[in-house]
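Numbering (this note's numbering), first residue to last: 1 to 99.
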């Protein structure tokens, strides 16, 4: 489906059961001159086409990005923070529009 999985640290990406990942989704566990941080997609989540999931250490404490159980990520969204269970996130950068 033309998705990009981080080729430097593929073991940092965890996808649980019954997750739907649409066409062209990009997963990055690092950025330029950055450490690697995990991406976790919980059971039943849906990732819309061409979404970008970028893991980082944004606040100096939280490491990585988690997309919660049954969460929905809209098409073309930029996910650079955790998405709670059952929430819907859209936009660049993403924001929660429904929980």
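Just so it is clear, CB atoms sit at the ideal spot from N, CA and C, and this is done for glycine as well.
Classification of residue 1 by the beta-carbon crowding that lies within 10 angstroms, buried from 16 upward: Result: exposed.
What's the call for residue 67, buried or exposed, on a 16-neighbour Cβ count within 10 Å? Buried, by the Cβ-count rule.
What's the call for residue 37, buried or exposed, on a 16-neighbour Cβ count within 10 Å? With a threshold of 16 other beta carbon atoms within 10 Å, residue 37 meets it and is buried.
Residue 20, buried or exposed, once every other Cβ within 10 Å from all chains shown has been counted against 16: Counting Cβ neighbours within 10 Å, residue 20 comes out exposed, since fewer than 16 surround it.
From this set, 35, 79, 39 and 48, which residue's C-alpha is nearest residue 24's C-alpha? Per the Cα distances, 48.
Rounded distance between the beta-carbons of residue 51 and residue 77, thought under 8 angstroms: 5 angstroms between Cβ atoms; contact.
Compute the minimum distance between the beta carbon of residue 13 and the heavy atoms of the ligand SAM, and state whether it is under 7 angstroms. In the structure shown, the ligand SAM is absent, as is every other ligand, since no ligand is present at all.
Taking the C-alpha atoms as reference points, what is the distance between residue 46 and residue 33? The alpha-carbon atoms of residue 46 and residue 33 are separated by roughly 30 angstroms.
Quick check on residue 73: buried or exposed, where buried means 16 or more other Cβ atoms within 10 Å of its Cβ? By the 10 Å Cβ count, residue 73 comes out buried.
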